[in-house]
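Below is one structure, written out as structure tokens; the observations come after it.
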Ligand code: DGY
């Protein structure tokens, strides 16, 4: 096919693996050449002529962006979360939005569990003692934290990643509580997890891991009131999206020891400024949104996102689509 007759694809940041080559088999591809987030004005300009968009969770794909991209017929994001994309507006335009579930489940669950252990067992304070030279004699009560094994874990959002965290918790001999929009009797049987309302879970759990997706109903789900329901020794892990937790309320809760510790893969704002009060708190362990950051997983995510876009450009259904209803209503 003539190059000009091929669909035009814009890639907002160069993905790993063979993703760009895969797209190149069916489209004429322009990939942002720099290793940083593309500015919204440059992206808008490029998207004006694009049939397909391959994007990252750092790109804002809102209604206005879509209005300025009249030819766009498919969006594929290299992430499972698509809260940066106005799904309703895309659906209304008949644009399928691809995402990358499954391939990142285990890696993200590893990170969440790692954060739980690091925060509850005070790894940050220990590490700081080592590097600043204040590591003194062994102390019977030095840097004692809270146990993970044999305690009760509360999982907020028992989707794929929540279930993978539950499987790890089984190995740690934990009792597992969960909350989600609708009760899942099948998973309860398979994993031995117990359903609780959010407030019951917060009051009963020794540690709480949040892995729910971000939408209007989960924005600040963990607010001042929710934090006050937790045990003063409890650890809160956020491996979802920053705005699911109210940052100001979290700073207060960690400062006043309303809760014991926090382990965060995501923050609000993100990136969090180095001089933000949350960063200074010794009982807060933060990593920079690296939940899915293993070499193998990032390559799989990149190629799954390419697979989605290729399918859409070939007028097939995307294998992993965040707004599958688009196929019922059509353009
Ligand atoms: C996702 O895919 O949504 C994750 O946040 C990336 O780590």
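In the numbering used here, the protein residues as written are 197 to 527.
Ideal placement from N, C-alpha and C gives every residue a C-beta, glycine not left out.
From a predicted model like this one, the values you see are computed outputs, not experimental measurements.
Identity of the residue in the options nearest residue i by Cα
i: residue 500; options: 511, 489, 516 and 343; result: 516
i: residue 437; options: 466, 389, 335 and 450; result: 466
i: residue 399; options: 368, 339, 289 and 348; result: 348
i: residue 221; options: 231, 203 and 490; result: 203
i: residue 488; options: 244, 305, 381 and 505; result: 305
i: residue 479; options: 253, 218, 322 and 318; result: 318
i: residue 483; options: 434, 471 and 439; result: 434
i: residue 491; options: 245, 356, 249 and 213; result: 213
i: residue 370; options: 421, 322 and 401; result: 401
i: residue 375; options: 418, 307 and 342; result: 418
i: residue 271; options: 413, 284 and 249; result: 249
i: residue 230; options: 239, 303 and 462; result: 239
i: residue 284; options: 514, 510 and 411; result: 411
Cut-off 8 angstroms between Cβ atoms - residues of its own chain near residue i, not counting five sequence neighbours on either side
i: residue 469; result: 475
i: residue 531; result: This structure leaves residue 531 out entirely; the chain is present only between 197 and 527.
Closer than 7 angstroms: residue i CB and nearest ligand 1 heavy atom
i: residue 485; result: yes
i: residue 275; result: yes
i: residue 296; result: yes
i: residue 488; result: yes
i: residue 283; result: no
i: residue 300; result: yes
i: residue 460; result: no
i: residue 253; result: yes
Nonlocal neighbours in the same chain, by C-beta distance under 7 angstroms from residue i, ignoring five residues either side
i: residue 590; result: A question about residue 590 goes unanswered here, because the residues of the chain that appear run from 197 up to 527.
i: residue 459; result: 311, 312, 314, 315, 431, 433 and 481
i: residue 242; result: 206 and 226
i: residue 182; result: As shown, the chain starts at 197 and ends at 527. That puts residue 182 outside it, with no answer to give.
i: residue 244; result: 264 and 265
i: residue 383; result: 354, 359 and 389
Residue i - partner residues in DSSP beta bridges
i: residue 431; result: 403 and 457
i: residue 481; result: 459
i: residue 140; result: The chain is shown only over 197 to 527; residue 140 falls outside these bounds and no answer can be derived.
i: residue 257; result: 281
i: residue 224; result: 204
i: residue 291; result: Answer by DSSP bridge pairing: none, since residue 291 is not bridged.
i: residue 271; result: 249 and 293
i: residue 441; result: 418
i: residue 523; result: Partner(s): none; residue 523 has no beta bridge.
Residue i at chain C interface by Cβ criterion, 8 angstroms
i: residue 270; result: The structure shown contains no chain C; it holds only a single protein chain.
Contact set for residue i: own chain, Cβ-Cβ below 6 angstroms, skip 5 residues either direction
i: residue 251; result: 208 and 273
i: residue 181; result: Residue 181 is absent from the model: the chain starts at 197 and stops at 527.
i: residue 372; result: 349, 362, 365 and 389
i: residue 420; result: 445
i: residue 502; result: 215, 218 and 219
Is there contact here, the stretch 278-285 with the stretch 254-263, by at least three beta-carbon pairs under 8 angstroms? Contact between the stretch 278-285 and the stretch 254-263 is established, with three or more Cβ pairs separated by less than 8 angstroms.
* Asked: Can you find at least 3 beta carbon pairs, one from the stretch 325-338 and one from the stretch 357-365, that sit closer than 8 angstroms?
  -> Verdict: no, contact absent.
Exercise. How about the stretch 448-465 and the stretch 412-430: do they share at least three Cβ pairs that are nearer than 8 angstroms?
Worked result: Taking a contact to require three or more Cβ pairs closer than 8 angstroms, the stretch 448-465 and the stretch 412-430 qualify as touching.
Taking 8 angstroms as the cut-off, does the stretch 312-330 touch the stretch 292-301 (at least 3 CB pairs, one atom from each stretch)? Contact fails: fewer than three Cβ-Cβ distances are below 8 angstroms.
* To do: Take every Cβ of the stretch 400-416, pair it with every Cβ of the stretch 350-357, and state whether three or more of those distances are shorter than 8 angstroms.
  => In this structure the stretch 400-416 touches the stretch 350-357; the number of beta carbon pairs closer than 8 angstroms is three or more.
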